[in-house]
Structure formats: C-alpha cells, structure tokens
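What follows is a single structure, written as structure tokens, with notes after it.
Number of protein chains: 2
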Amino acid sequence: MSNKIPRVVIVGGGFGGLATAKALRGAPVSVLLVDRNNHHVFQPLLYQVATSVLAPGQIAAPIRGLLAAQENTSVMLGNVTGVNAELKRITIDANDQTGVEIDYDYLVLATGATHSYFGHDEFAAFAPGLKSLADAESLRNHILTVFEKAELEDDAPRRHALMTFVLVGAGPTGVEMASAIAVMVRTTLRKDFRNIDPATARIVLADMGQRPLGTFAEELSEAAKLRLLQLGVEVRLGKPVQSIDEDGAVVGDERIPSKTVIWTAGVAPSPAGKWLGCEVDRAGRVRIRPDLTVSNRPEVYVIGDTASLDQDGRPLPGVAQVAMQQGRYVAKAILRKIEMRPPLSPFRYFDKGNLAVVGKNFAVLQSRGVKISGFIAWLVWALIHIQFLADSSLRFSVFLQWLMTYVSGRRGDRLIIQGRKTS
Amino acid sequence: MSNKIPRVVIVGGGFGGLATAKALRGAPVSVLLVDRNNHHVFQPLLYQVATSVLAPGQIAAPIRGLLAAQENTSVMLGNVTGVNAELKRITIDANDQTGVEIDYDYLVLATGATHSYFGHDEFAAFAPGLKSLADAESLRNHILTVFEKAELEDDAPRRHALMTFVLVGAGPTGVEMASAIAVMVRTTLRKDFRNIDPATARIVLADMGQRPLGTFAEELSEAAKLRLLQLGVEVRLGKPVQSIDEDGAVVGDERIPSKTVIWTAGVAPSPAGKWLGCEVDRAGRVRIRPDLTVSNRPEVYVIGDTASLDQDGRPLPGVAQVAMQQGRYVAKAILRKIEMRPPLSPFRYFDKGNLAVVGKNFAVLQSRGVKISGFIAWLVWALIHIQFLADSSLRFSVFLQWLMTYVSGRRGDRLIIQGRKTS
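Chains A and B, in that order, give the protein sequences.
So the first sequence is numbered by full-length UniProt numbering: it starts at 1 and just counts up by one.
So the second sequence is numbered by full-length UniProt numbering: it starts at 1 and just counts up by one.
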C-alpha cells in the first residue's frame, strides 16, 4: 500500500459500518470493510423472515454488491479477534487462517451487539434471539416444525406446549414478533392442518417492565397493548422470567409449558471494549467522546450498538438511525482530519422518530411530538421500510411480497430446510 | 378411521407423489401424503439456487399449502422407515418418535432417488450432489465462500484451486451447473472483487461418456459442447474420475487441483425395494408391472425415480414427466379398483421431449423428431419452466427475477448464511 493514501478500516457491515463506507465514496482514502458475514442485513425486518413472510434474500444484500461501484473500497470476509491500538493494527481470522494482521490509519468499530441473557446464559439453549439471518431462519424452521409436530401429537398437554409461544421482552422486536405470530396462525396456517387449529395457538408476551414498548410514550404503549390483546396475545407485565428450560418458562410464578421461547429482552455489545482495553458502560459498551472517538485514540472511532454516548443526559438508543448518522459523521470527521481542517462540532443525533408494528394494519408512531397509532402509522411504517431497504432491487420484491401476503394471507417462504452444511 | 372410505397413503411429495395426490382431489378416498420435508421442490431449477439466481422459496412450496384446498387430503411430516405389505402398514419416524405405524388400503411409494457414487462413497465428503434445497444452499454458500477466500489468498496455486470448479457428470445437471457458473463469474461477480478476477475461474466438466447430454441426439450434444467451449468450460470426455479428495480430483490421468468438486454423475434409488423385499433392477430400483404395482401386491404402487419399468424395450428415464404421468395413472387406477370397474390399460409414457440449458440464451430441445438448439430452444425452456412451477404465486416472482438477472446480470440471492440450527 502507498503511504500517501490513508487507509480506513471499518469493522462491521451493519447500518453503521455501511453508512461510513458509503459516505467515503470517492474520498481520497482507501477503505477496507471487514465483516464475518458476506451480507448486510436489514435487521428491523428479521421478524418477517422468522414468520415466513419474507425470504432471507429480500432483507439482505451482499456487502460486495452494495459497494462494488466504489473503487476506493474493498470488502473482506473475516472475523476480527483483536485490536492493537498502539501499532494501529487489527487481527482477524480469514481464509481459514488465524491472526492475519491488517494495518490502519483510521479504525471504525461498528461491531454491533448480540443477545444478553442478563447472567442467565443457561437460557440461551432454550430461548434463541433474533439478530442474524441464521437466527431468523432457525426460528422459521422451528415455528413451522412445532405445528407439524402438534398435528401428530395425541397427548393434549404436549400438543398445547407445541402450540404455545413465549416472547420474553416487550420491546419492538418482542411486540412485532408476537403480533406477527398471532396473524400467521389465524391466516396463513389456518387451512393447512387437519387435526389442529393453528388459530388456537397461545402467544404470551412477557416483560419485567410495566408496559410494552417502554421507549414510546405511555399512550402508545396503551394502544399497542390493546391491539395485542385484540390479536389474542396474552400480555404479562411486571413479571420477571424466573427460568427457561426445554419444556417452557416460568414467568412470575406461572409455569408456561412451551416448546418455543424467544428472547428479545436484552442485548450485549460486541467485545470492542475488550479489544481496545478502554472504558465501558455498565452494559459493556465503549464510552466514546462527543466526536465518536475513544479517549487518547483520535484515529479510533466506535459507533452504533457497541458504543455508549449520552445526549442531553440520556444514552442514545441502540437503533439503526443512530448508527447511520454516526457513520456519516465519522466519514466527514476523518476527511476533515486528512485535509487538516478544523474538527466538526460534536455529534448530535437527530431523532426522526420511532415506529413499531402490531400485526396487520396497525403500528405506533412517535416523532417529534407527533404520536399516532393505527392504520396511518402502519402505512408510514410500510413506506419508510421499503424506502430504507438498502438495495434498490430489494424494494420492489419486498413490496410485491407484502402486497401478496396482505391481500391473500399467503406466506411464500414457509420452508423447513434442514441439514445444510456450511464451509 | 371409517372402514368405508379407503385410505391412500402416498410417500413422497416430489413430482410423482404430488401428482397422485392432486389427481385424487375430490375422490371418495382419504389421502395421506407423508414426506420428510415440508416442501415440494422443483428440482430442475436447483442449479439456479446453487448459483444465486433464485432464492430457495422461489423453487419450493410447502406441501400443505399446495394441498390445503383438498379436503380429503392430509399431509404429514415424517420419515418412512419400513413397509409391512402383509399387514398393509408403513412405519415412520415423526414428531420425535420412531416406529409410528400407519395403515393403508392403497400405498403409493414415490420416494425418489439420491446420489450414487458408484461404490466410491468416500467421494461423498468432497463432491456433494444437488438433490435437495439444503444441497443447493450448501453449494451456494460454498461457491461464494471460495471466491471470498481466493480474494485473500496470496499463494497462486492455492488461489487457482479455490477458483477451479470440477463438475463430474455431463448430463443435464452437470451441463447446466457448469454453464451457470461460467455465466456467473463473467457477469455478476466480475466487479465485486479487487484482488482476483472471477472471470478467470477454471470450470471443468468431466464425463466417462463420449459426449455431453448423452440422452439427447448426437447433433444436440455437439451443439451443447460447442456452446460450453465458447463459455470457457473445459470439457473432458471419455475420462473416468479416478479419485476425489479435499484438494481436487484426478480425471483420467490429469490431477485437477480444486476446492469445489460437484457430483452429478449418478443417482441411487430410495430403499423402496428393501422395504418391500421385492425384485429390483441392477441400480436397485423396484421392478414394477405395467400397471405400476408390485408383483402380488395389487394395492402397492411404486412410481418415479425409485421404480423401474421398460417401455418398447428401454427403461423409462428418471425425469419429472415420467413421475407425474405415473402419478396421475395411479390415481385413476385406484379409483377404478374402488369402483369395481375394469382395470386401465397398461401405463404408457408420453414423451413430450427433453430440454437442457447451456448458459444464457442457449438451450437444446428434442421433442418427437424436432431437434433445435439456440435461443428459440432457450425461450421454450423458460416458458415451460415458468408454466410448470408448481405454485402459481411462484411463477410471477421467478419470471421477474429472471428478467432482472437477464438484463442486469445481478443475482439477488448471493448470501452466505452460516450456523443455522435445525430442530
């Protein structure tokens, strides 16, 4: 590599990393984006893959393809294992080799988050989460399989456990997943079986807090709760999950026999803090400075779900918008440094608003004082999500699929695919 | 179950089993279709999933959905392990239980075929085949992964091995797969990489026979061979594959270093012959009578790839058309027996013709004396395949996807998804 062109290494091809890379298009830097997957996933729609509405390829796009036209950018499939900030070097596992070293002039860690079981790691085996395409496909396989088993099960208690779904965590993912299952069992699956009626499935949404969608205004939480109850979802609030095993969960003091417990309650950041050996917050996220760098490392940026930054006395939420805005900020900040111009003013998140879907035709929307729930909010949700899907070719296909599922109740991707090998 | 309504048990939801079930719609029988997968796969397009053109959901449909409107039919997810023809009973593994027994009045075994390595089972680990959605997804993951590794590989011989593809077997699947890879590396992947040029990939198609597409007329084999050479595919004929290991294959006396060997050379029938303990042909397929039943078992039918029947002195080929025509024949034959009407005249296969695609814009077509190759044959191929896709909602989506890939060279489903769990 020439010494003249600064090298920007971005780790992670999620919303933050991709936004950084795209904002560096045509800039006088050499960009390398490293991700352990070959694709960017539109995470807010993972629940639709898990409930057979969309195919994995409709919410994911190969990172290479997204950045192919950017001549200053290359993409590497690799798993980062460490950072040597002193030597400005990261180590990765790639191409079947461990400890491959890559030098950087600027480093952007956008490595996201995974599930947190709040110290109950033993729950993990029985209550998977929903963070990756593989998670979503596993859940799709599982949900379809429990109905197949229920159809063949003569023992009533076992049949009920197969047809009971427990969602732990009533944030957007838990609410969307619970309502999507409720809609699926009453529409798509209704006519498929002869011995069971999928519409009788029991769906329980549990949270320790006192209301669903805790980050929304109280009136919207109420609207969402009402809608969930209308959809037949049992909402259990203020009840901690005491235990989870292969036969179900104990929520408060109620044992719920279930073969499907889904965990959406907590997230744990990537090990970026450990790699850097720097200050982290209680959840383990890297405490970053208002210019999104790490203390004493003006060339190391940390953004998105793995970073912790307060704004107006409150931590920024772990949402796509924060990561994307941070990514674009970082790209500008790096260019300023290279061009020896004065630094940017500190990062400020511009909150465009929040949306969560509750089943068909219903969403809650909160944006800069506006609070609405119902069909209009749902329409806004659909339009915004089509708009934001990273790859233009995906938009049309998702739109068509939604239209078809909306009108007919059919779900195209109702496949249980077993035994795939990976290499 | 009432004794008055005869129970038809169909094993296998491929072309043969599905055709039987559909032809029994509204008939005075109770139909049970058992398959170990929840979906019917349109096998002739598996190679397009393996080469990232189509998504799994575009060539597969849930069997329940396909038969949901047929009130006399139920579907069961289960793996058949044996047949007791004396007691008219099959045993299956289903719902985590082994040895579940199911009684039948009529049995239709349409259990298809798997790969055969002609006694070289040790090849299986290094040369997967292409029979199921899981196979196709594994290959897709693998093909995309070797390019990712090649991009990072400094050692030239290792890089070349990563970019070399060996197809064993020059039947339709081998020819279609070889040409599809050739098109993919020259279009879709071309701009994705910085260190390698995917278009320089080496593609070798090997067969023991003297020509590709051996079941077609010689002039069409010649046309196909010419087209393969134009696409840059190396065609090795009359050369047996001596060995296959993790570093490549020995074809004739040439060692070809390769990280991707794909086996399309042979098929082995399902164990239907063993279950029935009846006469089989050299390949292990059940020898059936002209009415598609097994000797001395007028209530047991065997159809499709797992059956062996001669017509005009030659065995019927293992193609979808044979299985579908047999399935419809069996449905009629069963109804005749139930209604005490005279039996049907013996089964006769009506050969509508054969088609094979060689890359973009080129196919060979042979049908009742007509032999054409080139663009017109390719158009016919595209129309017929859209027409035959089992599920009407799939047709439109496949058509759109093809149109997009045809015009832009883009492939939507270029995803490496790792670590999915099955339950």
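Here a beta-carbon is modelled for each residue, glycine too, at the ideal position from N, C-alpha and C.
Cβ contact (3+ pairs, closer than 8 Å) linking the stretch 253 to 270 of chain B and the stretch 92 to 106 of chain B
The count of Cβ pairs closer than 8 Å, one atom from the stretch 253 to 270 of chain B and one from the stretch 92 to 106 of chain B, stays below three, leaving the stretches out of contact.
Which bits of chain B does H39 of chain A rub up against, with CB to CB less than 9 Å?
R414, L415, I416 and I417, listed in chain order.
With L130 of chain A and L46 of chain A assumed to form a contact (beta carbons below 8 Å), what rounded beta-carbon distance in angstroms separates them?
Taking 8 Å as the upper bound for CB-CB distance, L130 of chain A and L46 of chain A are in contact here, some 5 Å apart.
Between which two residues does the alpha helix (DSSP H) containing M76 of chain A stretch?
Careful: M76 of chain A lies outside any alpha helix (DSSP H), inside the beta strand (DSSP E) at T73 to L77.
Can you tell me whether DSSP reads A110 of chain B as helix, strand or coil?
Looking at A110 of chain B - three-state DSSP - the assignment turns out to be coil, as it is neither helix nor strand.
Give me the subset of the stretch 94 to 123 of chain B whose CB atoms are less than 9 Å from a CB atom of chain A, sorted by chain position.
Near chain A, meaning a CB-to-CB distance below 9 Å, the residues of the stretch 94 to 123 of chain B are A94, N95, D96, Q97 and V100.
Limits of the alpha helix (DSSP H) - the one that D135 of chain A falls within
The continuous alpha helix (DSSP H) containing D135 of chain A extends over residues L133 to L152.
On the DSSP bridge assignment, give the partners of S243 of chain B in chain order.
Per the DSSP secondary-structure output, S243 of chain B pairs in a beta bridge with B:V250.
Residue-chain proximity (S2 of chain B, chain A), Cβ-Cβ < 9 Å
With a pLDDT of only 44 at S2 of chain B, under 50, the local geometry of the prediction cannot be trusted, and no value is derived from it.
If we count the other Cβ atoms within 10 Å of its Cβ and call it buried at 16 or more, is P342 of chain A buried or exposed?
Exposed: under 16 other Cβ atoms inside 10 Å.
Just by C-beta distance, which residues in the stretch 50 to 76 of chain B are closer than 7 Å to chain A?
Within the stretch 50 to 76 of chain B, the residues whose Cβ lies closer than 7 Å to some Cβ of chain A are A55, P56, G57, A60, P62, R64, G65, A68, S74 and M76, listed in chain order.
Are G16 of chain A and L33 of chain A touching if we call contact CB-CB under 9 Å?
Cβ atoms of G16 of chain A and L33 of chain A: not closer than 9 Å.
Answer with yes or no whether the minimum CB distance from K191 of chain B to chain A is below 9 Å.
Between K191 of chain B and chain A, the shortest Cβ-Cβ separation is below 9 Å.
So which residues on chain B does E246 of chain A lean against when the C-beta distance must stay under 8 Å?
Neighbours of E246 of chain A on chain B: none; closest Cβ ~11 Å, over 8 Å.
With respect to the alpha helix (DSSP H) encompassing Y329 of chain B, which residues constitute its N-terminal and C-terminal limits?
Start and end: A320 to I338.
Bridge-paired residues (DSSP) for residue 435 of chain A:
Examination of residue 435 of chain A is not possible in this model, given that chain A is present from 1 through 423 alone.
Which residues, in chain order, does the stretch 126 to 146 of chain A contribute to contact with chain B at a C-beta distance below 7 Å?
Those residues of the stretch 126 to 146 of chain A that come within reach of chain B (Cβ to Cβ, closer than 7 Å) are L133, A134, E137, S138, N141, H142, L144 and T145.
Contacts of E218 of chain A in chain B (Cβ-Cβ under 8 Å):
The premise fails here: E218 of chain A is roughly 38 Å from chain B at the closest Cβ pair, so nothing lies under 8 Å.
How should N141 of chain B be labelled, buried or exposed, when 16 other C-beta atoms within 10 angstroms of its C-beta is the threshold for buried?
With 16 or more neighbouring CB atoms inside 10 Å of its own CB, N141 of chain B falls in the buried class.
Between L152 of chain B and chain A, is the shortest Cβ-Cβ distance under 9 Å, so that the two count as touching?
It does; some Cβ of chain A falls within 9 Å.
CB V29 of chain A to CB I334 of chain A, shorter than 9 Å?
Taking 9 Å as the Cβ cut-off, V29 of chain A and I334 of chain A qualify as a contacting pair.
Only counting the same chain, and skipping five residues up and downstream in sequence, which positions put a Cβ closer than 6 Å to that of S221 of chain A?
Counting only Cβ-Cβ distances below 6 Å, and skipping sequence neighbours, we find R211, P212 and L213.
Find the nearest neighbour of K191 of chain A within the set B:A249, B:Q70 and B:I376, judged by alpha-carbon distance.
For K191 of chain A, the nearest C-alpha among the options comes from B:Q70.
Could you work out which residue in A:V49, A:K239, A:T20 and A:T264 is closest to E254 of chain A when comparing CA atoms only?
Ranking the options by Cα distance to E254 of chain A, first place goes to A:K239.
Residues of chain B with CB under 9 Å from K22 of chain A, in chain order?
One finds nothing in chain B with a Cβ atom closer than 9 Å to the Cβ of K22 of chain A; even the nearest lies about 16 Å away.
Distance between beta carbons of R287 of chain B and A85 of chain B, contact taken as under 8 Å
Distance from A85 of chain B to R287 of chain B at the Cβ level is roughly 15 Å; contact not present, criterion being Cβ atoms closer than 8 Å.
Could you tell me whether the Cβ atoms of T81 of chain B and I63 of chain B are closer together than 9 Å?
Result no, Cβ atoms of T81 of chain B and I63 of chain B do not sit closer than 9 Å.
At 7 Å on the CB atoms, spell out the chain A contacts of R89 of chain B, in chain order.
Within chain A, no C-beta atom comes nearer than 7 Å to that of R89 of chain B; the closest sits roughly 17 Å away.
Closer than 7 Å by beta-carbon distance: list the chain A residues that pair up with R194 of chain B, in chain order.
Within 7 Å of the CB of R194 of chain B, the CB atoms of chain A belong to S74, in sequence order along the chain.
Evaluate A156 of chain A with the Cβ neighbour count: other Cβ atoms within 10 Å of its Cβ, from every protein chain shown; 16 or more gives buried, anything less gives exposed.
Label assigned to A156 of chain A: exposed.
Pull up the CB-CB distance for F193 of chain B and E246 of chain B, whole angstroms please, since I reckon it's below 8 Å.
Separation of the CB atoms of F193 of chain B and E246 of chain B is rounded to 24 Å, and the pair is thereby denied contact status at 8 Å.
Cβ shell of K4 of chain B (< 8 Å), same chain only, five flanking positions each side left out:
Once the five neighbours on either side are set aside, K4 of chain B has no close Cβ partner at all.
Q325 of chain B burial status per 10 Å Cβ neighbour count (16 or more: buried):
It is buried - the Cβ of Q325 of chain B has at least 16 other Cβ atoms within 10 Å.
E148 of chain A touches chain B at which residues, Cβ-Cβ below 7 Å?
Contacts between E148 of chain A and chain B, judged by CB atoms closer than 7 Å, involve N38 and L77 in chain order.
Along the beta strand (DSSP E) that carries P343 of chain A, what are the first and last residues, could you check?
P343 of chain A -> no beta strand (DSSP E), and no H or E assigned at all.
Check each candidate in A:Q43, A:A127 and A:Y104 and name the one with the smallest Cα separation from A265 of chain A.
Minimum Cα distance to A265 of chain A is reached at A:A127.
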